[in-house]
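The structure appears below as structure tokens.
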């Protein structure tokens, strides 16, 4: 029990413990008959008993002792060591190698040449309090997949560099063509910033970490506290992942040694302009030298200056050159064959490569996954082998662009389409509250698991603690909806190729909210930092293993796969309502704005002493028919309820083995049916029709992306087409649910 | 025409000028027959012709050449000079003197004694760019009506020092008893901060100006830009004005030389603990030395530190001693007797005293009022004497607590109750948009005036420009409601004794929104600052004079006083809806919070490693009857519409002189009927039942204050009583409106 729990008990007295201890024994278990639920609970209790926090600590320290980004010796050592451990734990293990494009900088120069000279340090200092901050082989601060270039131009501050930010600049008559933009991190995924800057004609993009976002404004800075100190820099990829992730030279196919490759120049996901990240220590002299209009209030950070937009007089030179080499990426793939359904795979993954010392990202999740794998190995040796095949995956080259997982998924696409039941991902994790995102067919199962795992700080279930947090934050349904809603997934970790390229039902799981800090992708995401501020004692590390371990084992052992379609329908209904409202709101706001343009209100409301360029009237927003989508929703709501009811019935009354096999095959297919072969407009690699990363948000999810982004981009024709595609997709899924129900009713023999 | 207008035309081309030039000639004029409206318009055109921007400049420079706070030689000189000018312009002028308590500091010491030593400078530097920043006799930086004291204690940062802020501190287990609090300016009137700190047991209050609020976060600092530089300090009174304004020793009676006075110790409006303001340069070392929990996000300012709450280790000594002397305050009262209704007074006022160099506050408004008075004098000499008496008032001792106006109002209460038609106030004013607050019986008249005054930068009416700004800010009714809504008045300037003590219909008028800055109550509110950043060229100064001049002249010359009661009812209806909703929301949020307390959610959502004290369950919120209030609203809506209709009718068809005299007497009485003799609970000086400054907001208005504050303070019995009182008051007003309508119908002979 961690120290903090004792503090809490001291404060609260016995009150906390009056809540019922756990509904574990009495609660239903989705997908299990009552007898198999009983056995499963015993298995899970045994699983929990294996958990050893010391393993997590020891493994993290080992993994993070030296830099382990793609292509480093220590990365390869880690792969071999992890593979050896998996073998030792009883897994059929292989290391799968790909040759992936991984540029490393040869020249990094950022200098302000006017109105005064400043040369950016571009370096993170060694700290006595951080043991690995001085190790050899550290990766310099840079953005992978920036273009080469040597450009000089006046500087413009573009806030977070989103399309909306450029509209604000337009209003002030500021054009970034031929200029260099400086954008703070946040608000969108970092790769969006240079992409949008390039679309607007900028020569280069400088990214920086404003202390408002993860520095002193948020809390004490490292090493006194967890937040980013003045010289801390966030590294990261700027590959255009919303187009496709993975090796930029080999979309759709695996980056094997002999794969056919594009050239760097041909690749659409490599940035077309130079990009480099700065610390706020390096950004301050540049921002302070800007004049021009004062930045809008929401754009201002926490530096002790007046934030001006420019352009200039600050004039900056950015000179970057990279070695554009292929590097080996090593995935570790460890299989434990299922005792009953070897061709139904539960895949569990976490990446293993890190930008700098990578303690939180990815080691915190990786060591939890390892402990989970070890425990399952112990159970298997004790005769409790999973019914379905479990595949543990330790991905390489996630940081540059989900490369390890993407290449493997592209490599094994056909087999995975046939066999993959679900993919459960973890990545960085910390102390606090349970976060789950993923496929809503798994929402109920994920909730049941969360109700059965104990929070190490409070003794209540992790479900109850997360519920409390949501309730206190004003989320009304937290106390009324039976299940806590899980988030839809955008991108940012290795579930993307599984979920959004192949249509494999996926979950992404972490703990956090009490481990805030500013070490992300900096040199100070270290063992020292993590064990002080991340998850001291690794209490949440083993809690994560208990959570994802249960998910994996329930998926592996369920009689009927633990999917509940009413949850799916409930969430998709929200998205349908949202896109309908989005069109209406777009229409209303367009009418309103056009009225304001018409009455010259924008001009009259502006300060005449300052440059102001009013917006122009926009095209009218038509009414579109959502009828087919709404009809499809009604149909799938009906079939989902029927199937959920049939599953409940047969788990009580029994089903034949043939029924079981047949119905599970249909269930596995449901997420696949949510994709289409053409993919999304302008990005065919992304095939899921419900979940996608936003084209202009990056990691941020867009649900019903085809419809939603068409409306956002005011492409009414495309929106109409996409409405029909989504309606067709829902009918396909509904048909599958009906078929599954008929199998259980005994009215259909599966093919 | 100012330079900026030309810029605007250059940008926009002729588009701007396509709007109809002005509705002036065709529009109706409330309270005037068509013939008298015609004459009035000619008069107003002549009035406009008198306007001379050079006068405003010259007068401001003279007024602000030396310090002119209460008791200074230059203040007295200004009074005599202003009185001489008024006499020259044809006014019957007197200087009325009161003896008012005005403490000045003898000792001011603020030092941090741990963890390191820092002694606050408490001084604003002389700037080459600001001619008066080095003049002799400047008032030191302090808060008037702070207590004497010499206290030492650990420091606690309390954000803006409002009651809600102390609830946040409670949640973190932080108690300010025996401590010294530091609060940033903003969020409530400054006097609320030490009052609430004292209620919570603090030893002293330090106020400071965070650069987030009016320093570099907002824009370039003085002298490069208008915002507050590091050593700028906001002076100001901390008298407990929501209890009563005016001389603290003579509530309800005039502070004449021979008045009976309380002692300083007896006065309830003098602070009970020491209070002193700091610049952020002086505050930074203190705030930086705090540890303890990190301040909530909304509490953090723009200093380059992590904001901690304390308590300590920063330990601070505050040592303040004052000379508690009476000083003479000189009001200048200038009358021009009305040609037809000498006993109906239109009172127009602006204060004349300033804390430091007082260019914006109050000289900008004062010089506009002077130009207005001069022009009316010219018209009178030309034979166009106003029909009603106009009284121009130049108040002294506003800054310490609305003292000059309050004492005069208390002195002449009986005569004013009988004769005062309306009071029109101005104070600091600048460049930009028209702001009007006041009695809603005057809303229509104020709107008609605004439609007739041209904006000097754009050429459209000031009404249209303000409408544009509201429309662009998302105020939907700006383009649908015939009149722009005027704000209800709280406090902060000299309308308070007229409106809230006596019940004289009042308006407060200014321009602003494009003259932002941080000079308020600092040494740098100077002629140099104002002419660079306030209203360069005094274009808005004469626009203000045109606006309030029209209001004054229309009130002075109208056939039937220009009041429209449908506007009054429309606004009061909103307030009634608001208090009904407030009770419902309080009930809903109480139920919700009690549910969260019950389920232990607050504790479970908190980080167990940090001190957290959960809230306790609150008493249930009963349902209260608003029926009498709702019935009264229905009644007054009917009588208002009848009266408005009758007024329209008689202005078209004619009315007798006796009817005119009688109906105007009733109209004058209506605002008086909105008061009651007992005043508000716990503050009998404040008698208005619709408008009051908030007991815990200071300047911020509380409409229907008796009801609203009772609900906010969860005093359900008092809320019920107040509902009945307000209902009774509305019935009294409604009866008066009915009587006025009957007079116009010829069915009633007035007493």
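Protein chains in written order, with this note's numbering: chain S, 1 to 751; chain R, 1001 to 1751. Note that beta-carbon positions come from the ideal geometry of N, C-alpha and C, so glycine has one too.
Listed by chain order, chain S residues near residue i by CB distance under 8 Å
i	result
residue 1305(R)	216
Residues that residue i contacts on chain R, provided the C-beta gap is smaller than 8 Å
i	result
residue 464(S)	1604
residue 514(S)	1607, 1609
residue 547(S)	Result: empty, since nearest Cβ-Cβ is about 17 Å, beyond 8 Å.
Cutoff 8 Å; reference residue i; Cβ partners in own chain excluding five residues on either side
i	result
residue 126(S)	133, 134
residue 799(S)	Shown here, chain S extends from 1 to 751; a query on residue 799(S) therefore has no answer.
residue 532(S)	226
Residue i: contacting residues in chain R (beta-carbon distance under 7 Å)
i	result
residue 294(S)	1219
residue 300(S)	1217
residue 758(S)	As displayed, chain S neither begins before 1 nor continues past 751, which places residue 758(S) out of reach and without an answer.
Buried/exposed call for residue i, threshold 16 Cβ in 10 Å
i	result
residue 113(S)	exposed
residue 1473(R)	exposed
residue 1117(R)	exposed
residue 1015(R)	With a pLDDT of only 36 at residue 1015(R), under the threshold of 50, the placement of this residue in the model should not be trusted; the figure read from the coordinates follows. Result: exposed.
residue 1293(R)	buried
residue 1252(R)	exposed
residue 657(S)	exposed
residue 107(S)	exposed
residue 1737(R)	buried
residue 1025(R)	Low per-residue confidence applies at residue 1025(R): pLDDT is 46, beneath 50, and the placement is therefore not dependable enough to give any value.
residue 1464(R)	buried
7 Å Cβ shell around residue i - same chain, five flanking residues per side excluded
i	result
residue 1326(R)	1099, 1100, 1101
residue 580(S)	626
Nonlocal neighbours in the same chain, by C-beta distance under 6 Å from residue i, ignoring five residues either side
i	result
residue 1302(R)	1211, 1212, 1217
residue 21(S)	Low local confidence applies: a pLDDT of 39 at residue 21(S) is under 50, so the model's placement there is unreliable, with the coordinate-based value given in what follows. Cβ within range, chain order: n/a, list empty.
residue 761(S)	An answer regarding residue 761(S) cannot be provided, because it is not within the stretch 1 to 751 covered by chain S.
residue 1079(R)	1095, 1330, 1332
residue 1732(R)	1673
residue 1006(R)	Summary for residue 1006(R): the model assigns pLDDT 38, below 50, so the residue's position carries little reliability; its value from the coordinates is reported in the next sentence. None.
residue 1639(R)	1734, 1737, 1738
Chain S residues whose Cβ lies nearer than 9 Å to that of residue i
i	result
residue 1472(R)	596, 601, 602, 604, 605, 606
Partner residues on chain R for residue i, Cβ-Cβ distance less than 9 Å
i	result
residue 480(S)	The premise fails here: residue 480(S) is roughly 11 Å from chain R at the closest Cβ pair, so nothing lies under 9 Å.
message: Would you call the segment 268-286 of chain S in contact with the segment 104-124 of chain S, where contact means no fewer than 3 C-beta pairs closer than 8 Å?
response: yes
field: Residues of the segment 1583-1597 of chain R with Cβ closer than 9 Å to any Cβ of chain S, in chain order
entry: 1592, 1595, 1596
query: Does the segment 36-44 of chain S come close enough to the segment 520-536 of chain S to have 3 or more Cβ pairs within less than 8 Å?
result: no
query: Do three or more CB pairs link the segment 79-93 of chain S to the segment 364-378 of chain S at distances below 8 Å?
result: yes
query: Between the segment 1578-1589 of chain R and the segment 1137-1146 of chain R, are three or more C-beta pairs nearer than 8 Å?
result: no
message: Quick check: the segment 1242-1260 of chain R against the segment 1410-1418 of chain R, are at least 3 beta-carbon pairs closer than 8 Å?
response: yes
query: Contact between the segment 689-704 of chain S and the segment 594-601 of chain S: three or more CB pairs below 8 Å?
result: no
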